[in-house]
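First up is the structure itself, then whatever we jot down about it.
There are 2 protein chains.
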Amino acid sequence: MRLTDIFQKIDSNHDRYVRELKELLAIPSVSTYSHHRGDVRRAAEWVLNHCKRIGLEARLEDTGGHPVVIASRCPHQNRPTLLVYGHYDVQPAEPEEEWNTAPFQPTVRDGFLYARGASDDKGQFFTYLKALEVILAVTGDLPINVKILVEGEEEIGSPHLGAFLKKNRELLRADAIAISDGSQFSEDVPAITYGLRGLSYMQITVQGPRTDLHSGSFGGIAPNPINALVSILAQLKNPDGTIAIPGFYDTVAPLEPWEREAMGALPFSEEKLKAYLGLERLCEEPGYSALESKTARPTLDINGIWGGFSGEGAKTVIPAKAGAKVSMRLVPHQKPRDIAALFTQYVTRLCPKEVSLQVNALHGAEPVLVSRDLPQVQAAVRAIHAGFGVAPVFIREGGSIPIVNLLKEVLELEAILLLGWGRPDDGAHAPNERFSLSDFKKGIRSAAALFFELHSCCCA
Amino acid sequence: MRLTDIFQKIDSNHDRYVRELKELLAIPSVSTYSHHRGDVRRAAEWVLNHCKRIGLEARLEDTGGHPVVIASRCPHQNRPTLLVYGHYDVQPAEPEEEWNTAPFQPTVRDGFLYARGASDDKGQFFTYLKALEVILAVTGDLPINVKILVEGEEEIGSPHLGAFLKKNRELLRADAIAISDGSQFSEDVPAITYGLRGLSYMQITVQGPRTDLHSGSFGGIAPNPINALVSILAQLKNPDGTIAIPGFYDTVAPLEPWEREAMGALPFSEEKLKAYLGLERLCEEPGYSALESKTARPTLDINGIWGGFSGEGAKTVIPAKAGAKVSMRLVPHQKPRDIAALFTQYVTRLCPKEVSLQVNALHGAEPVLVSRDLPQVQAAVRAIHAGFGVAPVFIREGGSIPIVNLLKEVLELEAILLLGWGRPDDGAHAPNERFSLSDFKKGIRSAAALFFELHSCCCA
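Heads up: the protein sequence lines correspond to chains A and B, in order. Count along the first sequence from 1, add 579, and you get the number used in the numbering used here. Count along the second sequence from 1, add 579, and you get the number used in the numbering used here.
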């Protein structure tokens, strides 16, 4: 069987793969720092050349910011195409003094490769290049078509990716996209992330008197915008923690029995989480577990509030203005635009008549839910099972991933395969970031298996 | 009648009085600026020498900060003593470019004397020196005993006055204190301020998770301290604007019928106030007029609130902490310490159990109410009637005056005569501060009359 040959070859090439990855990790491609602009470009060129070397057509594309590497090999007109997304830029390494070995001197210790970007995301997207290389070496061909998109601005919010995708929509057309830029559920529990929460981020500003007033002279008659603001905000949630905005839950798709069962079976410790957060109790939604509440149920949080005097001591002011930022995490089938409208309608109704209110929608993101019944998802299940030796669990994540929304929307993709090869404690964005060499190998295996599984499932 | 002679002499000396006041006003005794330290001392010495020149025993007293001028003339062992309080320091003049004439080049224009300190407080306390001078000139004696206390740190919060008063409690003992450092109710409506609100200023801090969290990863299970804070704060007031803290109103002395009648008769325009504040409606306490609500009823205002992200854009954080400053204006017989305890008890009860709460009392001030039935107050009524030609109105002020609490408490004085000679639009603390020359003259007359009236009422 070809996969056995391929896995064997992956094992025998392992040390070379690690050496190559170390080369890439040694380039400090910190996208946020202008003094690293040259390094960022150097990393892009390294990826470009590597793609060419393994037999892909590849080029750098200018975006207005850091370049995108585009590579492809599409030999089969009637077979499916997999688009692979990754990013070659990294977070800053500060505080560098907290690293045990220098962040850009990749070092192997106890089965882990330590370096900034090891897990996020150089080590993870590199698995696909190694998988392609080994398939081509062993079979002389690819079972399906492949397109590679590796950007250099993920860590700064992908400011140029949207425009780039729109311009290259046809070029990037695919039947599925694989993104390995996250983690397994926990060590040796590989996962497919099939759900992401969406977001509706609002700002409200309350205006009282035209100017700040002395609370001695005007307290008792001047409407206080902070008092008004807290009275509005306090009515956003019910005493049991559920959200009081009328209609908020109307479009929420109920959790399916299999999901609740799957989540209930995950090795999740509330006690560990409470210890980590320094809390005596969590505040789950009534009727839902902690894991369900934090990943699969909608929320409302006040993310910021301000008004009046916050310095040391006592200043007796009635401020002219006060404001707050409020965000709601959304789940299918809530639409950010509809939720923003319900929010606006509700707070407008709550606003005491003696002050005036301004409501702004600052940001919105659609929730994402990928059906596990899609053949591409089932192909990923089998690929991970082959690569890791255990079947993946299905998980939902509480946050949104902006590039996922972008890719889904612009490229009109349903089959989004979020296959994190890392671990929650890899230290992405933190000192001593690392990537398990065992995960690296399993990731390459799974990536290789995925090409074959996508061929089997979609060309039957 | 002697008072007629005295008033006549005040009229004929008017120009000289203005010239002398201009000398004092020309000294930039800005107490908050260390580079004006020499000027502040020069002003103290000017007052000292002036007191001596008009026939008082006088000296400078060191306080650790700017000096206090102490002057007295106590010829009658069995007659009452009036203590006069004033301050020779002034606010900074910035923004100087907004002054029509230089702040320390006193200038008469259209019946007003323009200069920093003209109304607050050099021009006002100077009326007592001129009154004493003229009484001594006309009668060769004083009808009662007088003590003068003029400090140089009022505009920076009188940091050394408390210690000074405690050390000189016996020296300053008096039967009444006159303070002219405020204003009439409005032009040609002289007033006796018989009530000041007190203050209880609290700070509350709510702690949620031990560190800031990402609202995507932890929203739905992590207790949000801002949400908890607003739920607490929103319950401090009832929907009708009254204060919901149990027991808060228990010790509030009801407004007496004469007070409500007096306040109702004052020339007070809600329309003007609304226009000034830029508001369509005021929020009076139910059952009370705007004037009653802002001067004679207790209040609760949130003076500041903070927590999480208040910058531009959207940051999805659940902060570890949030806090607020809340102050309550108090009226007799509310005690700041008791109110602070009721507040603490109530918010502790309101605090959701998944977060922790810290409550601190930052500042307290007793409410002040001076009985209009005191003979000294009735003496002041007659003195103002004589000096201004109309009887004064009785008013309460919404703020506290820290030096009043200090003087009342340390010197154990009940008869506190708050007799503002200025006008609300004198521009104290603002550019183009001024003092009406007509008010200056009426103030001197009233001050002179007060000495005789205190003699009549208390030595009958």
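The beta-carbon is built from N, C-alpha and C at its ideal position, and this holds for glycine as well.
Would residue i and residue j qualify as a contact pair, given that the criterion is a beta-carbon distance under 8 Å?
i	j	result
residue 674/B	residue 1010/B	yes
residue 985/A	residue 744/A	yes
residue 777/A	residue 913/A	yes
residue 981/A	residue 762/A	no
residue 809/A	residue 900/A	no
residue 628/A	residue 713/A	no
residue 725/B	residue 647/B	no
residue 882/B	residue 895/A	yes
residue 1028/B	residue 965/B	yes
residue 769/B	residue 1033/B	no
residue 666/A	residue 602/A	no
residue 682/A	residue 672/A	yes
residue 757/A	residue 998/A	yes
residue 845/B	residue 764/B	yes
residue 1089/A	residue 767/A	This structure leaves residue 1089/A out entirely; chain A is present only between 580 and 1039.
residue 948/B	residue 781/B	no
Could you give the first and the last residue of the continuous beta strand (DSSP E) run that contains residue i?
i	result
residue 882/A	878-887
residue 843/B	Premise fails: residue 843/B lies in the alpha helix (DSSP H), 836-844, not in any beta strand (DSSP E).
residue 943/B	935-944
residue 816/B	Unbroken run through residue 816/B: none, as it is neither H nor E.
residue 538/B	Because chain B spans 580 through 1039 in this model, residue 538/B falls outside it and cannot be assessed.
residue 718/A	Per DSSP, residue 718/A belongs to no beta strand (DSSP E); it is in the alpha helix (DSSP H), 701-718.
residue 691/A	691-693
residue 904/B	900-909
residue 687/B	686-688
residue 874/B	Here residue 874/B belongs to no beta strand (DSSP E); instead the alpha helix (DSSP H) covers 869-874.
residue 777/A	777-786
residue 973/B	972-976
residue 756/A	755-758
In the DSSP assignment, the alpha helix (DSSP H) including residue i goes from what residue to what residue?
i	result
residue 921/B	915-929
residue 601/A	581-604
residue 849/B	849-856
residue 955/B	954-967
residue 797/A	794-797
residue 988/A	981-990
residue 743/A	740-746
For residue i, go through chain A and note every residue whose CB falls closer than 8 Å to its CB, in chain order.
i	result
residue 780/B	893, 895
residue 788/B	856, 857, 858
residue 908/B	794, 795, 798, 799
residue 904/B	887, 888, 889, 893, 894
residue 672/B	Within 8 Å Cβ-Cβ: nothing; residue 672/B doesn't reach chain A, min ~21 Å.
Residues of chain A with a CB under 9 Å from the CB of residue i: which are they?
i	result
residue 945/B	Here the premise fails: no neighbours, minimum Cβ distance about 14 Å.
Going along chain B, which residues have a C-beta under 8 Å from residue i?
i	result
residue 942/A	892, 893
residue 968/A	Under the 8 Å cutoff, chain B gives no residues; its nearest Cβ is about 28 Å from residue 968/A.
residue 933/A	858, 859, 860, 861, 862
residue 770/A	Within chain B, no residue comes near residue 770/A; the closest Cβ sits about 15 Å away, beyond 8 Å.
Going along chain A in order, which residues have a C-beta closer than 7 Å to the C-beta of residue i?
i	result
residue 978/B	793, 795, 796
Taking Cβ-Cβ distances shorter than 7 Å, what residues in chain B pair up with residue i?
i	result
residue 776/A	795
residue 920/A	Those within 7 Å of residue 920/A in chain B number zero; the least Cβ separation is about 18 Å.
Along chain B, which residues have their Cβ under 9 Å away from the Cβ of residue i?
i	result
residue 832/A	Per Cβ cutoff of 9 Å: no residues; residue 832/A is ~16 Å from chain B at best.
Counting only beta-carbon separations shorter than 8 Å, does residue i have a partner in chain E?
i	result
residue 605/A	Among the protein chains in the structure shown, which are A and B, there is no chain E.
Chain A contacts made by the region 794-827 of chain B, where a contact means CB separation under 7 Å:
Of all residues in the region 794-827 of chain B, 794, 795, 796, 797, 798, 799, 800, 801, 802, 803, 805, 806, 809, 810, 812, 813, 816 have a Cβ within less than 7 Å of some Cβ in chain A.
To be precise: take each residue of the region 874-895 of chain A, compare its Cβ to all Cβ atoms of chain B, and keep it if any distance is under 7 Å. Which residues remain?
Within the region 874-895 of chain A, the qualifying residues are 876, 878, 880, 881, 882, 883, 884, 885, 886, 887, 888, 889, 892, 893, 894, 895.
Compile a chain-ordered list of the residues in the region 838-871 of chain B whose CB is closer than 7 Å to at least one CB of chain A.
Of all residues in the region 838-871 of chain B, only 856, 857, 858, 860, 861, 862, 863, 864, 869 come within less than 7 Å of chain A when Cβ atoms are compared, listed by chain position.
Tell me the start and end of each unbroken beta strand (DSSP E) in the region 594-682 of chain B that is at least 3 residues and wholly inside, in chain order.
Scanning the region 594-682 of chain B for uninterrupted beta strand (DSSP E) segments of 3 residues or longer gives 636-640, 647-652, 660-666, listed from N- to C-terminal end.
Going residue by residue through the region 992-1037 of chain B, where are the continuous beta strand (DSSP E) segments of at least 3 residues, counting only ones entirely within it?
With a minimum length of 3 residues, the unbroken runs of beta strand (DSSP E) contained wholly in the region 992-1037 of chain B fall at 995-997, 1013-1015.
Could you please tell me which residues of the region 999-1031 of chain A, in chain order, have their CB closer than 7 Å to any CB of chain B?
Correct list: empty, as no residue qualifies.
Beta carbons nearer than 9 Å to chain A: which residues of the region 740-759 of chain B have them?
If the cut-off is 9 Å between Cβ atoms, the region 740-759 of chain B has nothing near chain A.
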